[in-house]
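**Student:**
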Amino acid sequence: MRFALFLLVVLAIVGIAMGLPTRVAIEQHEGDLFHMIDAGLRLQAGEIPHLDFMTPLGILSIAPMALFLSLGFAGGKAALLSNLLVAILITPVLWWVGQTRMEGKMRFFFGASMLILVSALTYGGGSVSTSLSMYYNRWSWAVVFILLVAILWRAPEGEKPYKLGLLTGIGLSLLALTKMTFFIAFAPPIAIMLVVQRRYRVAGIASLVGGIVLIATTLAFGPAFWVSYAQDLFQVAFNSQRSQPGENLLAVFSAPRFLAGTASIVAAIIWLRKTGQEQMGLFLLLLLPAFAFTTWQNWGNDPKWLFLVGLVVVAKLRVVSRAREQGVIIATIAFVALAPTMTTLTVSLPRGVFAEWERFGRIVDAGPISDIWLVKDRLNSADVIMPALGLEGDTPERVFLGAEIPNCRVYDGLVRLAVAYAQQIARRPEAAGAGIFLADLVNIMPLISDQRRLKGGAPWYYGGDSGFADMDFVVIPKCPMNADARDKAMDALEASDVQLEFVEETPQMFLFAVNRPQ
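Per our numbering, the very first residue in the sequence shown carries number 89; after that it's consecutive.
1. Could you please give the first and the last residue of the uninterrupted beta strand (DSSP E) stretch that includes PHE525?
2. Could you give the distance in angstroms between the alpha-carbon of ILE418 and the alpha-carbon of LEU236?
3. So does the stretch 516 to 529 actually touch the stretch 552 to 562, counting three or more Cβ pairs closer than 8 Å?
4. Nearest-angstrom Cα distance between GLY534 and ARG540?
5. Would you kindly work out how many angstroms separate the C-alpha atoms of ILE473 and TRP359, rounded to a whole number?
6. Does the distance from the CB of ALA243 to the CB of ILE178 come in under 9 Å?
7. When you compare only the Cα positions, how much space is there between LEU347 and TRP241?
8. Assess contact between the stretch 102 to 112 and the stretch 430 to 443, defined as three or more Cβ pairs (one per stretch) separated by less than 8 Å. Is contact present?
9. If you draw a straight line from the alpha carbon of PRO391 to that of GLY349, how long is it in whole angstroms?
10. Is it buried or exposed, THR432, if we count other Cβ atoms within 10 angstroms and call 16 or more buried?
11. Check this for me: beta carbons of THR266 and SER228, under 9 Å apart or not?
12. Name the DSSP beta bridge partners of ASP471, please?
13. Rank ALA154, GLY364, GLY253 and LEU182 by C-alpha distance to the C-alpha of LEU611 and give the top, closest one.
14. Quick one, which of HIS138, TRP548 and PHE274 has its alpha-carbon nearest ALA312's?
15. Check whether the stretch 492 to 511 touches the stretch 423 to 437, taking contact to mean three or more Cβ pairs, one atom from each stretch, closer than 8 Å.
16. Going by the beta-carbon positions, is the gap between LEU307 and GLY253 smaller than 9 Å?
17. Apart from the five residues on each side of it in sequence, which residues of its chain come closer than 7 Å, Cβ to Cβ, to ILE258?
18. Kindly give me the distance between the Cβ atoms of LEU159 and SER207, rounded to whole angstroms, as I take these residues to be in contact under 8 Å.
19. Can you tell me where the beta strand (DSSP E) holding ILE564 begins and where it ends?
20. Residue range of the alpha helix (DSSP H) that GLN587 falls in?
21. If we call anything under 9 Å between Cβ atoms a contact, is GLU118 one with SER261?
22. Which residue marks the beginning of the alpha helix (DSSP H) containing MET124, and which one marks its end?
23. Does DSSP classify PHE141 as helix, strand or coil?
24. Alpha carbon to alpha carbon, what distance is there between MET430 and LEU599?
25. Using 9 Å as the threshold, is the C-beta distance between ALA519 and PHE556 below it?
26. Assuming GLY449 is part of the beta strand (DSSP E), what are its boundary residues?
27. Helix, strand or coil for ASN171? Go by DSSP, reduced to three states.
28. Using only alpha-carbon positions, find the residue among VAL503, GLY552, PRO517 and ARG516 that is nearest to ILE532.
29. Terminal residues of the continuous alpha helix (DSSP H) containing PHE598?
30. Could you tell me which residues DSSP pairs with ALA491 in its beta bridges?
31. Look at the alpha carbon of SER554 and the alpha carbon of MET268, and state the distance between them as a whole number of angstroms.
32. In angstroms, rounded to a whole number, what distance separates the CA positions of VAL324 and LEU338?
33. Run the CB neighbour count on PHE322, radius 10 Å, all protein chains shown included, and call it buried at 16 or more, exposed below.
34. Are the stretch 483 to 497 and the stretch 577 to 597 touching by the rule of at least three beta carbon pairs closer than 8 Å?
35. Have a look at the DSSP bridge pairing and note the partners of LEU462.
36. Contact check, ILE150 vs ALA127 under 8 Å by CB: the rounded distance?
Dropping the structure here:
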């Protein structure tokens with residue numbers, strides 16, 4: 089009863105933090121939030137991810153946003169309420185896992201940490217800046233931790249296998265339909281752990297649930313849904329600048345900022361084996377590649393898996409009869425290494441409510457992002473990064489249809505550039521309501537103007553011809569947010585049969601019109 093009441097109190101605090109603000113203060117990663125709002129608007133309009141627009145993210149990462157947008161909320165509030173919805177949905181599961189698997193204060197720590205994780209206003213890391221970005225990663229980590237605690241901790245005597253089987257099957261299905269890379273990383277070790285534990289009925293029920301979800305999804309969207317999902321994932325993995333958004337795979341464990349965490353999991357594995365907990369040590373070793381892959385693949389390379397390492401060691405301190413001091417040291421190292429992330433996640437909640445609004449400016453007065461306020465340093469910024477004059481690389485990068493493309497990019501200028509593009513295009517009567525393809529990472533012009541979203545486009549451009557069939561104009565930025573994305577777009581345009589006609593050059597862009605056969 090105490091634990092249930094505690095979870096409800098924490099959930100109420102989360103509800104206040106998500107429900108109270110009427111506007112949202114953003115300090116970083118606004119592009120990621122904007123592209124999720126774009127995807128949510130597409131889903132709300134009946135477009136299906138992978139089939140109608142390109143994204144490596146699963147439909148469940150977008151569905152909550154689409155739900156609240158359809159209820160009339162603007163994008164910022166829709167993101168907050170999406171966090172709250174996930175927190176509400178996992179609360180009963182947290183109660184069951186904590187009540188049946190944990191003892192004492194540990195269940196309270198676990199429950200509060202998971203609710204904070206899914207509802208935080210930042211991705212993690214050591215920065216206190218609010219962002220609402222990459223929330224799908226935090227949701228996926230919460231599902232992973234819930235599954236692993238339910239599997240690794242001892243179940244009460246007489247528990248029916250169907251309970252853990254249902255949880256495992258539903259949890260893995262959620263990962264597959266939220267962010268597939270988490271499913272790819274954790275499904276194999278979870279399956280092996282269930283077999284080693286001889287929980288064959290649990291594994292069978294989980295497989296049955298997964299099969300039902302697979303069939304239901306196929307019936308709803310057709311077999312092409314899975315084919316297109318796989319194609320989107322391969323596009324990002326092999327043809328995109330986003331396949332490795334951060335450190336390389338080796339550095340995720342060997343770079344100086346990760347060494348304490350690496351030492352803690354290696355020490356935990358050794359300590360567990362030496363204290364008679366060989367199976368748990370084996371399971372941590374089995375999970376190590378999954379931890380490495382997800383940390384490497386997610387932006388920021390935030391080692392959230394340290395939470396589980398510390399939790400495992402603390403739980404086993406109750407049952408080991410020797411080397412307890414070493415266990416305390418290992419758990420302390422893990423939680424200290426994780427402290428910047430947990431602190432950042434926790435303090436982001438009150439920062440969203442008590443923002444210093446004089447530091448922020450409104451992006452637009454109406455539309456789907458009208459409730460998002462961006463810190464003025466980023467709202468008004470459009471600083472250019474380019475090679476110094478007279479040094480190698482200061483010449484034009486390439487020539488595209490006769491236009492000399494400068495070798496430069498813009499730092500923190502996403503909003504200001506988009507406003508400039510939209511205003512310049514709006515001066516042309518023939519461009520009213522047109523579909524604009526922007527040769528850059530994110531095109532937010534449909535969110536701030538009357539320009540429409542491209543059918544078959546990509547909220548976040550990963551390369552290829554996404555949206556080409558529906559575009560009326562093409563904008564080639566002189567100094568883009570991401571030069572690699574611009575290059576991939578120009579390569580794809582040159583390789584296509586699209587006929588472009590030069591329209592005008594402005595200080596920020598080259599504008600081309602699409603000539604289509606009549």
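Glycine included, every Cβ here is placed at the ideal spot set by N, Cα and C. Please read these numbers as outputs of a predicted model, since none were measured by experiment.
**Tutor:** Walking through what the data contain:
1. Taking the sequence shown and counting its residues from 1, the one referred to as residue 525 is at position 437. Per DSSP, PHE525 belongs to the beta strand (DSSP E) from 524 to 526.
2. Here residue 418 refers to the residue found at position 330 of the sequence shown. Here residue 236 refers to the residue found at position 148 of the sequence shown. Computed Cα separation, rounded: 20 Å.
3. yes
4. Locating residue 534 in the sequence shown gives position 446, counting from the first residue. Locating residue 540 in the sequence shown gives position 452, counting from the first residue. Note on residue identity: the sequence assigns Pro, not Gly, to residue 534. Rounded to whole angstroms, PRO534 to ARG540 spans 5 Å at the Cα level.
5. Along the sequence shown, one-based indexing puts residue 473 at 385. Along the sequence shown, one-based indexing puts residue 359 at 271. The alpha-carbon atoms of ILE473 and TRP359 are separated by roughly 50 Å.
6. Reading the sequence shown from its first residue, position 155 is the one you call residue 243. Reading the sequence shown from its first residue, position 90 is the one you call residue 178. The answer is no: Cβ separation not under 9 Å.
7. Mapped onto the sequence shown, residue 347 falls at position 259. Mapped onto the sequence shown, residue 241 falls at position 153. The straight-line gap from Cα to Cα measures roughly 27 Å.
8. yes
9. What you label residue 391 is simply residue 303 of the sequence shown in a count that begins at 1. What you label residue 349 is simply residue 261 of the sequence shown in a count that begins at 1. So the alpha carbons of these two residues sit roughly 8 Å apart.
10. In the sequence shown, counting from the first residue as 1, residue 432 sits at position 344. Buried is the call here.
11. Taking the sequence shown and counting its residues from 1, one reaches residue 266 at position 178. Taking the sequence shown and counting its residues from 1, one reaches residue 228 at position 140. Going by C-beta atoms, THR266 is nearer than 9 Å to SER228.
12. Within the sequence shown, residue 471 is the residue found at index 383, counting from 1. TYR499, per the DSSP bridge assignment.
13. A question about residue 611 goes unanswered here, because the residues of the chain that appear run from 89 up to 606.
14. Mapped onto the sequence shown, residue 312 falls at position 224. Nearest of HIS138, TRP548 and PHE274 to ALA312, Cα basis: HIS138.
15. no
16. Along the sequence shown, one-based indexing puts residue 307 at 219. Along the sequence shown, one-based indexing puts residue 253 at 165. It is not a contact, given that the beta carbons lie outside the stated cut-off.
17. By 1-based counting over the sequence shown, the position of residue 258 is 170. Within the same chain, ILE258 has close Cβ partners VAL297.
18. The residue given as residue 159 occupies position 71 in the sequence shown. The residue given as residue 207 occupies position 119 in the sequence shown. Not really, about 19 Å apart at Cβ, beyond 8 Å.
19. If you number the sequence shown from 1, residue 564 lands on position 476. Unbroken beta strand (DSSP E) run through ILE564: 561 to 565.
20. Start at 1 with the first residue of the sequence shown, and residue 587 comes out as number 499. GLN587 -> not in any alpha helix (DSSP H); beta strand (DSSP E) instead, spanning 587 to 593.
21. If you number the sequence shown from 1, residue 118 lands on position 30. If you number the sequence shown from 1, residue 261 lands on position 173. No, Cβ-Cβ distance for GLU118 and SER261 is not below 9 Å.
22. The residue labelled residue 124 in the question sits at position 36 within the sequence shown. Looking at the DSSP string, the run of the alpha helix (DSSP H) that includes MET124 is 118 to 132.
23. Residue numbering aside, residue 141 sits at position 53 when the sequence shown is read from its first letter. Collapsing the DSSP output to three states places PHE141 in a strand.
24. Locating residue 599 in the sequence shown gives position 511, where the first residue counts as 1. Locating residue 430 in the sequence shown gives position 342, where the first residue counts as 1. In a straight line, the C-alpha of LEU599 is about 46 Å away from that of MET430.
25. Working through the sequence shown from its first residue, we reach residue 519 at position 431. Working through the sequence shown from its first residue, we reach residue 556 at position 468. Cβ atoms of ALA519 and PHE556: not closer than 9 Å.
26. Numbered from 1 along the sequence shown, position 361 holds the residue referred to as residue 449. Per DSSP, the continuous beta strand (DSSP E) segment holding GLY449 begins and ends at 448 to 450.
27. Taking the first residue of the sequence shown as position 1, residue 171 is located at position 83. The answer is helix: DSSP assigns ASN171 an H, G or I state.
28. Position 444 of the sequence shown holds residue 532. That would be VAL503, whose Cα lies nearest to the Cα of ILE532.
29. As a working mapping, residue 598 is identified with position 510 in the sequence shown. Where PHE598 is concerned, there is no enclosing alpha helix (DSSP H), although the beta strand (DSSP E) it sits in stretches over 597 to 603.
30. Position 403 of the sequence shown, counted from the start, is the residue given in the question as residue 491. Per DSSP, PHE488.
31. By 1-based counting over the sequence shown, the position of residue 554 is 466. By 1-based counting over the sequence shown, the position of residue 268 is 180. Going by the C-alpha atoms only, they are around 21 Å apart.
32. For the purposes of this step, residue 324 is taken as residue 236 along the sequence shown, with counting starting at 1. For the purposes of this step, residue 338 is taken as residue 250 along the sequence shown, with counting starting at 1. Approximately 20 Å between the Cα atoms of the pair.
33. Residue mapping note: residue 322 aligns to position 234 of the sequence shown, counting from 1. Label assigned to PHE322: exposed.
34. yes
35. Locating residue 462 in the sequence shown gives position 374, counting from the first residue. LEU462 is bridged to ILE114 and GLY449.
36. Looking up residue 150 in the sequence shown gives position 62. Looking up residue 127 in the sequence shown gives position 39. 5 Å between Cβ atoms; contact.
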